[in-house]
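Peer 1: Here the sequence shown stands for residues -11 to 563, where the numbers follow the working numbering. The beta carbon of each residue, even a glycine, is placed where N, CA and C say it ideally should be.
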Amino acid sequence: MAKGKKYRSSEWFGGADKDGFAHRSWMKNQGRPDDQFDGRPVIGICNTWSELTPCNGHFRDLAERVKRGIYEAGGFPLEFPVMSLGETNLRPTAMLYRNLASMDVEESIRANPLDGVVLLVGCDKTTPALLMGAASCDVPAIAVSGGPMLNGRYRGEQIGSGTHVWKFSEDVKAGNMTMDEFMDAESGMSRSIGHCMTMGTASTMANMVEALGMGLPSNAAIPAADARRFTLAHIAGRRIVEMVRDDVRMSNILTREAFENAVRVNGAIGGSTNAVIHLIALAGRVGIDLNLDDWDRLGKDVPTIVDLMPSGRFLMEDYYYAGGQPAVIRALGEAGLLNKDAITVSGQTIWENCKEAANFDGEVIRDFKKPLTESGGIAVLRGNLCPDGAVLKPSAATLELMQHRGRAVVFENIEHYKERIDDPDLDIDETCVMVLKNCGPRGYPGMAEVGNMGLPSKILAKGITDMVRISDARMSGTAYGTVVLHVAPEAAAGGALALVQDGDMIELDVAGRRLNLEVSEDELERRRQAWSAPEPSMRGGYQQLYVDHVLQADKGCDMDFLVGNRGAAVPRESH
Ligand code: FES
-11 MAKGKKYRSS
-1 EWFGGADKDG
9 FAHRSWMKNQ
19 GRPDDQFDGR
29 PVIGICNTWS
39 ELTPCNGHFR
49 DLAERVKRGI
59 YEAGGFPLEF
69 PVMSLGETNL
79 RPTAMLYRNL
89 ASMDVEESIR
99 ANPLDGVVLL
109 VGCDKTTPAL
119 LMGAASCDVP
129 AIAVSGGPML
139 NGRYRGEQIG
149 SGTHVWKFSE
159 DVKAGNMTMD
169 EFMDAESGMS
179 RSIGHCMTMG
189 TASTMANMVE
199 ALGMGLPSNA
209 AIPAADARRF
219 TLAHIAGRRI
229 VEMVRDDVRM
239 SNILTREAFE
249 NAVRVNGAIG
259 GSTNAVIHLI
269 ALAGRVGIDL
279 NLDDWDRLGK
289 DVPTIVDLMP
299 SGRFLMEDYY
309 YAGGQPAVIR
319 ALGEAGLLNK
329 DAITVSGQTI
339 WENCKEAANF
349 DGEVIRDFKK
359 PLTESGGIAV
369 LRGNLCPDGA
379 VLKPSAATLE
389 LMQHRGRAVV
399 FENIEHYKER
409 IDDPDLDIDE
419 TCVMVLKNCG
429 PRGYPGMAEV
439 GNMGLPSKIL
449 AKGITDMVRI
459 SDARMSGTAY
469 GTVVLHVAPE
479 AAAGGALALV
489 QDGDMIELDV
499 AGRRLNLEVS
509 EDELERRRQA
519 WSAPEPSMRG
529 GYQQLYVDHV
539 LQADKGCDMD
549 FLVGNRGAAV
559 PRESH
């Protein structure tokens, strides 16, 4: 250890008294030699491994690689489990538990003899949950993503996680795919360890980790099954020990400049709308006011250059072979769209990490002059239907529908949608605007990914694959369509969305950033007086805590009592 430095863990392991005896003795029941307690940095490996989170199912191996690096650098690794959030299994939605998992992470770090942490993250919500929890303690930390699955393959075709589930299920509904073929595609889609290999939320958040400077270069793209993923974990283990010695905290890395870089990278990669919510929440944990206007302003002039599903053609394995995020960072830097001095966990600036990065495949990572979409990023809409904002991902939308006026067909909640959508008598055609209520943070609860509600079979059968859809829900990062999401305030909080009725006219103008319900203020007031909030689905327990305290989507859906700085777990002066 560096001479004269005393780490926080010494308060547990350093004493020559009864307490020191107790702290060391019980740990020795795991066969730990005396010299592990000699004052060296103690590094927590915060593990979201779970067989119920298939995307993180390989994390015990990953943790072992991190440990090798920590031992080599003279640290003392201690792996610990935290709540794992598996997107595909958790009900009602994994998002309901993001904040709970972040509390688990924060309190586990605060309560234990840890000087720094490596965060093992993968499936969608595990990344923001661990970053948020660790940020609240302001410890030295590195995030290591688990990596994407290998590209899906089915009958000679590349198929992408999630994206092809939507496509195939619509093909079955439209009569273009048999049920046997549908079942057959299952194992071809998820054929290796790792998370979704489209540019869905997990891949987007792995990119955000790297863009924020919280992960090592190439963290986002190395496939889970590639040996280089283990190498990255090994190096992260070495590096976190150095970061503890140098006292490099999350607050040194998560600066406003870092968040601005991440927003721009999200535009360039065609990232998920979920990143908007997660980054706003993470910024809130370190006292940075990142808001929807920042997202619109910073992303507007960033073309989407990464041609990945759901917006484009390729998958994460291709992205890695093409150069991964370092190639994108270099392109952004050369275009003047990067805060080059933002510091990263590598110990270098983001520009120093990436300025020499090569692009090996101009089809996958395109040139700014030939982008996938001119204006990437996230469009933030305002109007009487969403006074606090709503978002739309232009790269996933249909150009012709981004300026549209249509008659509302309203679904009061997701059950109502399921009952009505394939009713042959439903009065709907492709010019209508589908409106879904009560799927926001409080309403669902947890803000489910149902905003890209499927089209009625009778419209799909005509070969039509997109319509304007509006809701207070989220959308899976693997999904696509002209879908207005995150309407705030949500219907269950009494937002104007709650007042929309069948037959109302709605105007969407993405270029003008407007979303308006063409109903007079007097009529809206009359409807407001007649409105009452829906009954919560559960009283008491965590769900009640969540519903009582969750903030709206424009504020990142964090709980009000978790926002802001609660003080570092490791006081600066203890070093
Ligand atoms: Fe885990 Fe997609 S389900 S990343």
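1. Shorter than 8 Å, the distance from the beta carbon of D112 to the closest heavy atom of the ligand FES, or not?
2. According to DSSP, L493 sits in a beta bridge with which residue or residues?
3. Give me the Cβ distance between P433 and Y534, rounded to the nearest whole Å; I'm assuming they're in contact under 8 Å.
4. Can you give me the C-alpha to C-alpha distance between L443 and K155, rounded to a whole angstrom?
5. Please report the straight-line C-alpha distance between F247 and A396, rounded to a whole angstrom.
6. Tell me the DSSP secondary structure of L88 in three-state form.
7. What does a CB cutoff of less than 7 Å around M297 pick up in its chain, not counting 5 residues either side in sequence?
8. Nearest to M455 by CA position, among G394, M171, S334, is which residue?
9. Just verifying my parser: in three-state terms, what is the DSSP assignment at T36?
10. Assign M463 to buried or exposed, taking buried as 16 or more other Cβ atoms, counted over all protein chains shown, within 10 Å of its Cβ.
11. Could you say which of D510, K543, T386 lies nearest to G428 if we only look at CA atoms?
12. Along the chain, where does the alpha helix (DSSP H) containing G272 start, and where does it finish?
13. How many angstroms separate the CA atom of A131 from the CA atom of A209?
14. Quick one: Cα of S562 to Cα of D7, how far?
15. Under 8 Å, with one C-beta from each stretch per pair, do the segment 157 to 166 and the segment 222 to 233 reach the 3-pair mark?
16. Following a CB-centred definition, is G188 positioned closer than 8 Å to any heavy atom of the ligand FES?
17. Would you mind stating whether V129 and L107 have Cβ atoms separated by less than 9 Å?
18. Quick one: Cα of P65 to Cα of A556, how far?
19. Taking all protein chains shown into account, decide if T419 is buried (16 or more other Cβ within 10 angstroms of its Cβ) or exposed.
20. Please identify the residue among M238, G201, R56, E60 whose C-alpha is closest to the C-alpha of C125.
21. Looking at the ligand FES, does it come within less than 8 Å of S149, judged from the CB to the closest heavy atom?
22. Closer than 8 Å: is that where the CB of C184 sits relative to any heavy atom of the ligand FES?
23. For a test of your reading of the model: does the CB of G3 fall under 8 Å from any non-hydrogen atom of the ligand FES? Yes or no.
24. Closer than 6 Å by C-beta to P42: which residues in its own chain qualify, once you throw out the five before and the five after it? Chain order, please.
25. For N279, list the residues DSSP reports as bridge partners.
26. Who does L539 pair with in a DSSP beta bridge?
27. Taking only the alpha-carbon atoms, compute the straight-line gap between V294 and A315 and give it to the nearest angstrom.
28. If you check the beta carbons only, do L487 and V475 fall under 9 Å apart?
29. So the candidates are N327, G439, I33, C342; which of them puts its Cα closest to the Cα of R53?
30. At a cut-off of 8 Å, would you count C43 as near the ligand FES, judging by its Cβ distance to the nearest heavy atom?
31. Taking 9 Å as the cut-off, decide whether the C-beta atoms of P69 and N17 are in contact.
32. What's the gap between the Cα of G255 and the Cα of I366?
33. Any heavy atom of the ligand FES closer than 8 Å to the CB of T470?
34. Comparing the CB of E39 with every heavy atom of the ligand FES, is any distance shorter than 8 Å?
35. So, with DSSP's three-state summary, where would you put S191?
36. Starting from N504, follow the beta strand (DSSP E) in both directions and report where the run begins and ends.
Peer 2: Straight from the coordinates:
1. yes
2. Before going further, note that residue 493 is Met rather than Leu in the sequence given. For M493, DSSP records a beta bridge to R395.
3. That pair is a contact at about 6 Å.
4. 12 Å
5. 37 Å
6. helix
7. G148, T151, T186, M187, L303
8. G394
9. DSSP, read as helix, strand or coil, puts T36 in coil.
10. M463 is classed as buried because its beta carbon has at least 16 other beta carbons within 10 Å across all chains shown.
11. K543
12. Boundaries of the alpha helix (DSSP H) around G272: 262 to 273.
13. 14 Å
14. Because S562 carries a pLDDT of 43, less than 50, the predicted location of this residue cannot be relied on, and the following value inherits that uncertainty. Approximately 19 Å, taken between the alpha carbons.
15. no
16. yes
17. Here the sequence assigns Ala to residue 129, which means Val is not the residue at that position. Contact: yes.
18. 21 Å
19. exposed
20. Closest option to C125, judged by alpha-carbon separation, among M238, G201, R56, E60: M238.
21. yes
22. yes
23. no
24. none
25. In the DSSP output, where bridge partners are listed per residue, N279 has none listed.
26. Partner(s): none; L539 has no beta bridge.
27. 10 Å
28. Not in contact: L487 and V475 (Cβ atoms no closer than 9 Å).
29. I33
30. yes
31. no
32. One C-alpha to the other measures close to 7 Å.
33. no
34. no
35. helix
36. From DSSP, the beta strand (DSSP E) with N504 extends over 502 to 505.
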